[in-house]
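Notes to accompany the following structure.
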Amino acid sequence: SIRACAELLIKDFVFSFSDIKCPTTGRKVFPSDPKVLQQRYSKKSKKRPVRASCGCWFSVEELDKFLTEPPFGAACVNPGCNGAKVFHKDWPTDVKQLEKQWAMKQAREREIAEIADFMGAGAFSSQ
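Residues in the sequence shown are numbered from 1 upward in steps of one, following our numbering.
This is the structure in structure tokens:
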């Protein structure tokens, strides 16, 4: 019956969201308080949950690290994904473009560190 199907979907799908963990950090992706989750989505927070192409849930911050830092085009670390590549529509899928962006970021950080070293001050470091 429809009721049995609805109960199964609610029990197996909806209630399981509170236990979903980020594959990279192991922390829960969805907060236990629904108001906190609503705030994360309304403010476009870096902690808001997003679903990747492999089916796993990440926080935006962790997915950004996973997709924009080496190794690029990596497979999901979750054993249930069977080595599926991780992609998301909000990040570029071109590995060459990701490598170029990462290299530019590293060069910028090195330049800032060199300037700080030259001036003898650690206040300019980006970390």
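Quick reminder that beta carbons are idealized off the backbone N, C-alpha and C, glycines included.
query, result
"Please return the same chain residues whose Cβ sits closer than 8 Å to the Cβ of V36, not counting the five positions on each side in sequence.", "none"
"I want to know whether the region 81 to 91 touches the region 58 to 69 - three or more CB-CB distances under 8 Å.", "yes"
"Name the DSSP bridge partner or partners of P49?", "S59"
"With distances taken from CA atoms, which of C56, Q97, E109, I112 is nearest K85?", "C56"
"Considering Cα atoms alone, identify which of E99, S16, K43 is closest to F66.", "E99"
"Cα separation between D117 and Q38?", "44 Å"
"Can you give me the start and stop residues for the alpha helix (DSSP H) that S32 sits inside?", "Per DSSP, S32 belongs to no alpha helix (DSSP H) and is neither H nor E."
"Can you tell which of D33, G73, A6 has the C-alpha that lies nearest to the C-alpha of D19?", "D33"
"Answer yes or no: do C22 and C54 have a C-beta to C-beta separation smaller than 8 Å?", "no"
"With distances taken Cα to Cα, identify the nearest neighbour of A52 among L9, A74, E114, M119.", "A74"
"By how many angstroms is the C-alpha of A113 removed from the C-alpha of Q101?", "19 Å"
"Looking only at C-alpha atoms, which of R48, P70, L8, K43 sits nearest to R27?", "R48"
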